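Protein chains in written order, with our numbering: chain A, -19 to 96; chain B, 4 to 114.
Structure, as structure tokens:
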Amino acid sequence: KAGVTQTPRYLIKTRGQQVTLSCSPISGHRSVSWYQQTPGQGLQFLFEYFSETQRNKGNFPGRFSGRQFSNSRSEMNVSTLELGDSALYLCASSLTPTGLGANVLTFGAGSRLTVL
Amino acid sequence: AQRVTQPEKLLSVFKGAPVELKCNYSYSGSPELFWYVQYSRQRLQLLLRHISRESIKGFTADLNKGETSFHLKKPFAQEEDSAMYYCALSGYGGSQGNLIFGKGTKLSVKP
């Protein structure tokens, strides 16, 4: 079956712009999590969604937002981009947010954002 | 506070040598621990989880609750083991999310 699909794979923006990233989870997976990956900080948790509801949110400013649709697809948005937002944004899906399968995450290839 | 510490940013070994990637955690209760791996130009993927008690690609990891550690070991490293390895801990959710990652250790296996 198809894996986690993230689009776009690469994008370049300038400071002050906004960006929307998309994630399609594995079919049947209803939980979607987003992470920011940078060389210095590693993987930092952004949000987690299940059944169109945000269950958890990381310590990121309000410029970072997300949502999940009824088909489990998810989007995240970053407004007023800053240079420090340059990173690889990873989406991961799992069957459910709780229970034994909850933390067996399947990751997408990521969206690499460069802010100039 | 829940925390995962991987003390080594980079670990370099020669092919055929034993390798141990260290992971220490801080958690109240019974932890669930994982190792994820990211090979060059590939996606981050689950390597193993402690409840499975299995060996994947020759790697094993034992949960030591007394030392709060979950070190990843392999007796004979191969060049294809070169990758970024992340230790992860199931969390309580909230601002850390359900899965808390360490900062990772880059393993380099030299020929």
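Backbone N, C-alpha and C define an ideal beta-carbon position, used for all residues, glycine too.
All of these numbers come straight from a predicted model, not from anything done at the bench.
Sorted by chain position, which residues of the same chain lie with C-beta nearer than 8 Å to residue i's C-beta, five sequence neighbours on each side aside?
i: Leu85/A; result: Ser13, Ala72, Ser73 and Ser74
i: Ala91/B; result: Val7, Leu36, Phe37, Trp38, Tyr39, Leu102, Ile103, Phe104 and Gly105
i: Pro78/B; result: Pro21 and Gly61
Comparing alpha-carbon positions, which option in the options lies nearest residue i?
i: Leu26/A; options: Ser29/B, Arg56/B, Ser111/B and Gln99/B; result: Gln99/B
i: Pro19/A; options: Pro114/B, Thr108/B, Val112/B and Lys113/B; result: Thr108/B
i: Gln9/B; options: Asp84/B, Ser55/B, Ile54/B and Leu75/B; result: Leu75/B
i: Glu62/A; options: Arg10/A, Pro77/A and Phe40/A; result: Phe40/A
i: Leu47/B; options: Gly94/B, Tyr88/B and Tyr30/B; result: Tyr88/B
What residue range does the beta strand (DSSP E) around residue i cover?
i: Gly90/A; result: Neither: Gly90/A is in no beta strand (DSSP E) and is coded neither H nor E.
i: Glu28/A; result: Gly22 to Phe30
i: Cys71/A; result: Ala67 to Ser74
i: Val84/A; result: First-last for Val84/A: undefined, no H or E at that position.
i: Asn101/B; result: Taken as a continuous stretch (DSSP letters only), Asn101/B belongs to no beta strand (DSSP E), as it is neither H nor E.
Assign residue i to buried or exposed, taking buried as 16 or more other Cβ atoms, counted over all protein chains shown, within 10 Å of its Cβ.
i: Gln48/A; result: buried
i: Phe87/A; result: buried
i: Lys113/B; result: exposed
i: Lys12/B; result: exposed
Can you list, in chain order, the residues of its chain with a C-beta nearer than 6 Å to that of residue i? Leave out the 5 residues immediately preceding and following it.
i: Met56/A; result: Leu1, Trp14 and Gly46
i: Gly29/A; result: The amino acid at residue 29/A is misidentified as Gly; the sequence shows Tyr. Cβ within range, chain order: Val12, Gln48 and Ser54.
i: Glu23/B; result: His74 and Lys76
i: Ser52/A; result: Pro5 and Arg10
Within the same chain, show all residues whose beta-carbon is closer than 7 Å to that of residue i, passing over the 5 residues directly before and after it, in chain order.
i: Arg43/A; result: Val58, Ser59 and Thr60
i: Ser93/B; result: Pro34, Glu35, Asn101 and Leu102
Please determine whether the Cβ atom of residue i lies at a distance below 7 Å from any heavy atom of the ligand PLP.
i: Tyr15/A; result: This structure does not include the ligand PLP; it has no bound ligands of any sort.
Within the chosen definition, does the segment 57 to 69 of chain B reach the segment 4 to 18 of chain B through at least 3 CB pairs nearer than 8 Å?
no
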